[in-house]
Amino acid sequence: MDQAFFGGVVLLETIDASDLTFGEPGFAGRQTFEFNSNGDGFVSSTTLAYQSDDNAEFLFNYTRRMLGVRTDGAGNEINPNAGSIDDPSWLLKGKFYFGDSQEHNLSVSLSETDQETFDVPYDTFGTANFGNVDRTIENQVATLRYNFNPTANDLVDFAVELTYSDELVFSQAVDRSLAASDLALLDADNQYQTTTLRFKNTSLFSTGAVDHKLRSGLEFIKRERTDASAGSAPGGTKDVVAVFAIDEMQFGENFTLTPALRYESQTITQAAVNGSDSFNHDAVMGGISARYAFANGWAVYGSAAYTENLPIIDDIENPVLINQSEKGTIYEIGTTFDRKNVFTPGDTLAFRLGYYKQDLHDLTTYRGFIPGTSVIEVDRDGWEFEAAYAMETGFYVDVNAHVSDGTSLNESGVIADWQQNPQDTVRLTIGKKWEQEWDVSWETEFAADYESAGVVTDEGYTVHNLRATWAPQHGALEGSTIRFGVENVTDIDYTPRLSTRAATGRNFKVSLSTTF
5 MDQAFFGGVV
15 LLETIDASDL
25 TFGEPGFAGR
35 QTFEFNSNGD
45 GFVSSTTLAY
55 QSDDNAEFLF
65 NYTRRMLGVR
75 TDGAGNEINP
85 NAGSIDDPSW
95 LLKGKFYFGD
105 SQEHNLSVSL
115 SETDQETFDV
125 PYDTFGTANF
135 GNVDRTIENQ
145 VATLRYNFNP
155 TANDLVDFAV
165 ELTYSDELVF
175 SQAVDRSLAA
185 SDLALLDADN
195 QYQTTTLRFK
205 NTSLFSTGAV
215 DHKLRSGLEF
225 IKRERTDASA
235 GSAPGGTKDV
245 VAVFAIDEMQ
255 FGENFTLTPA
265 LRYESQTITQ
275 AAVNGSDSFN
285 HDAVMGGISA
295 RYAFANGWAV
305 YGSAAYTENL
315 PIIDDIENPV
325 LINQSEKGTI
335 YEIGTTFDRK
345 NVFTPGDTLA
355 FRLGYYKQDL
365 HDLTTYRGFI
375 PGTSVIEVDR
385 DGWEFEAAYA
395 METGFYVDVN
405 AHVSDGTSLN
415 ESGVIADWQQ
425 NPQDTVRLTI
435 GKKWEQEWDV
445 SWETEFAADY
455 ESAGVVTDEG
465 YTVHNLRATW
475 APQHGALEGS
485 TIRFGVENVT
495 DIDYTPRLST
505 RAATGRNFKV
515 SLSTTF
């Protein structure tokens, strides 16, 4: 299904060959092997880099991930009907520099990724029990990117990027005895073809006492989806035009103010089967964040944001949902601390404590088949805490904690605990480093019981993990990293909240990576 989510965007960019060759002409590479005892897992990743001169570089990566049937802490097989997983992927990338001072560069990349998942819920949200499917995803991506970054002009760091993605999603119901209507839903295969053209620029300038880092852009997106093979989901095209601007304003050394604004307009057109319908929508979204840093290491921050999810292709045959955007607001406030020589000479202490409140309304994602049961509003709030302490001797402690709560409102006016809220968790890591060569740590994760309407629906658990890293600084293994770990050391049997199956039992992991 064509799902939509609230939240930010995670942008993943591949490395360049020069990141491995360190800008020097010649060959370089990186090889990683990883072995897992639980499920007889094996991962191999090979990266090769070649830089001919200062004007051209090439990168190649091939990764293969294999995993058999795992067992949980009670010794039971986890999803035995899934069989083995064998997911290969590859990437080929070239980058070329030109101009008097190499202020221009042009890169092209091709990649292909296969992903197999077996006996998994069709509904990834878990809000309705449609049944389980075997799903295979094949994705091919081609990207062409041009960048112009003149050293003598801080107002220009311009990039234009053209990306084409062809994604095939094959699904088949595990239970073949289901009714024909259910099989039509679960057996649906889809193809998504997405073309994105994006223009971006980063400008550095000052207006009086204020320094600006202005990032702005324009993007065009065209996403086509064929009708599902079993006819359970409509085909169609989504055309998007969006403009955005983010201005990071620095007032002296202490105060930073960052407003952001995005305008998005889309047109959804149904595939012409029995006629063609077209729907237009637009929205203005934005936010602002502020941070003030004191000279003693303390800082305070806050932010507010408003966002919308415009209707998706799945809603095109629903006259109500196709004209309804999902809307959300989120507020955050907190404090941070970062300073050296706090308790002993040479030590460092840093932590962050933050509170957030999220309100989502006009929801269409969480739809139920029974009239009046669809969730239309979700209110969540929570606390986040993270801290890191390190001594000059190499001893260190890391702590992460998250405590949250949430309620939902359905069409019938019923307010209930939000069923997608996670358990409250605390993660503690205690370790010791010896120079740059050894790093040994113990990690424990604690999850509290989760209660809904006063009843414990998900039991808490405590999991221990051990890790050791050896990075030889001389000899034949110099440049290599060897990691050994034991996950779920006590082999407890537990199921994390929002998971459909028990977690993996005790698992020994060994990995070896080396550069050459």
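Residue numbers (the working numbering): 5 to 520.
Beta carbons: idealized from backbone N, C-alpha and C, even for Gly.
None of these values were measured; they are calculated from a predicted model.
Where DSSP assigns a beta bridge to residue i, which residues make up the other side?
i, result
"Thr211", "Val214"
"Ala53", "Ala32 and Leu63"
"Ser169", "Val145 and Thr198"
"Trp446", "Ile434 and Leu470"
"Ala394", "Thr352 and Tyr400"
"Leu95", "Asn65 and Ser115"
"Leu159", "For Leu159, which the question treats as bridged, DSSP gives no partner whatsoever."
"Ile419", "Leu413"
"Ala451", "Thr429 and Tyr465"
Output yes or no for whether 8 angstroms exceeds the beta carbon distance between residue i and residue j.
i, j, result
"Arg74", "Thr508", "yes"
"Thr155", "Ser113", "no"
"Ile334", "Ala309", "yes"
"His216", "Asp161", "no"
"Gln119", "Asp90", "no"
"Leu96", "Phe46", "no"
"Asn143", "Ser181", "no"
"Gly240", "Gln274", "yes"
"Ser517", "Ser484", "yes"
"Ser49", "Thr25", "no"
"Arg266", "Lys242", "no"
"Thr340", "Tyr305", "yes"
"Ser329", "Asp366", "yes"
Leaving out the 5 sequence neighbours to the left and right, which residues in its chain are closer than 6 angstroms to residue i when beta-carbon positions are compared?
i, result
"Ser412", "Val379, Val382, Ala420 and Trp422"
"Asn469", "Glu447 and Glu491"
"Thr131", "Residue placement at Thr131 is flagged as unreliable, the pLDDT there being 43, under the threshold of 50; a coordinate-derived value is accordingly withheld."
"Asp428", "Val407 and Ala452"
"Leu218", "Ser207 and Asp251"
"Glu268", "Ala246 and Ala287"
"Asp495", "Gly77, Gly509 and Arg510"
"Gly464", "Ala451, Ala452 and Asp453"
"Thr200", "Thr167 and Ile225"
"Ala391", "Phe355 and Val403"
"Ile141", "Gln119 and Val173"
"Thr519", "Arg34 and Gly483"
"Glu171", "Asn143 and Tyr196"
Rounded to whole angstroms, what is the Cα-Cα separation between residue i and residue j?
i, j, result
"Thr448", "Met395", "21 angstroms"
"Val13", "Gly479", "Residue confidence is low: Val13 scores 49 on pLDDT, short of 50, so the model does not pin down where it sits. Its coordinate-derived value is still stated next. Between Val13 and Gly479, the C-alpha separation is close to 43 angstroms."
"Ile19", "Glu107", "19 angstroms"
"Gly410", "Leu261", "30 angstroms"
"Lys331", "Ser111", "37 angstroms"
"Ser22", "Asn59", "11 angstroms"
"Glu455", "Arg356", "27 angstroms"
"Ala163", "Phe203", "6 angstroms"
"Phe259", "Tyr296", "4 angstroms"
"Ser416", "Asn136", "29 angstroms"
"Glu257", "Ile225", "39 angstroms"
"Gly43", "Arg505", "15 angstroms"
"Leu432", "Asp191", "43 angstroms"
"Pro263", "Glu439", "42 angstroms"
"Phe255", "Val244", "35 angstroms"
"Ile374", "Asn414", "11 angstroms"
"Ala249", "Glu482", "46 angstroms"
"Ala405", "Glu388", "6 angstroms"
"Asp193", "Arg229", "11 angstroms"
"Phe100", "Asn313", "38 angstroms"
"Arg487", "Lys513", "8 angstroms"
"Thr311", "Thr117", "31 angstroms"
"Thr51", "Ser93", "12 angstroms"
What does a CB cutoff of less than 7 angstroms around residue i pick up in its chain, not counting 5 residues either side in sequence?
i, result
"Ile434", "Val401, Ser445 and Trp446"
"Gly1", "What is shown of the chain runs 5 to 520, which leaves residue 1 out entirely."
"Asn109", "Lys99, Phe100, Tyr101 and Asn151"
"Ala457", "Asp421"
Can you list, in chain order, the residues of its chain whose CB lies under 8 angstroms from that of residue i, leaving out five sequence neighbours each side?
i, result
"Asp351", "Lys344, Asn345, Tyr393, Ala394, Met395 and Glu396"
"Leu159", "Ser207, Leu208 and Phe209"
"Asn278", "Residue placement at Asn278 is flagged as unreliable, the pLDDT there being 49, under the threshold of 50; a coordinate-derived value is accordingly withheld."
"Pro84", "Val73"
**Prompt:** Are at least three pairs of beta-carbons, each pair with one atom in the segment 354–368 and one in the segment 382–395, less than 8 angstroms apart?
**Reply:** In this structure the segment 354–368 touches the segment 382–395; the number of beta carbon pairs closer than 8 angstroms is three or more.
**Prompt:** Pairing CB atoms from the segment 21–41 with CB atoms from the segment 497–507, are three or more of them under 8 angstroms?
**Reply:** By the Cβ rule, the segment 21–41 does not count as touching the segment 497–507, because fewer than three pairs are nearer than 8 angstroms.
**Message:** Does the contact criterion of 3 or more C-beta pairs under 8 angstroms hold for the segment 465–476 versus the segment 433–447?
**Reply:** For the pair of segments examined, the segment 465–476 was found to touch the segment 433–447: the number of CB pairs separated by less than 8 angstroms reaches three.
**Contact between the segment 208–215 and the segment 173–181 (3+ Cβ pairs under 8 angstroms)** = Under the Cβ criterion (8 angstroms, minimum of three pairs), the segment 208–215 does not count as touching the segment 173–181.
**Prompt:** Taking contact to mean at least 3 C-beta pairs separated by less than 8 angstroms, is the segment 298–306 in contact with the segment 317–330?
**Reply:** With the rule of 3 Cβ pairs closer than 8 angstroms, the segment 298–306 does not count as touching the segment 317–330.
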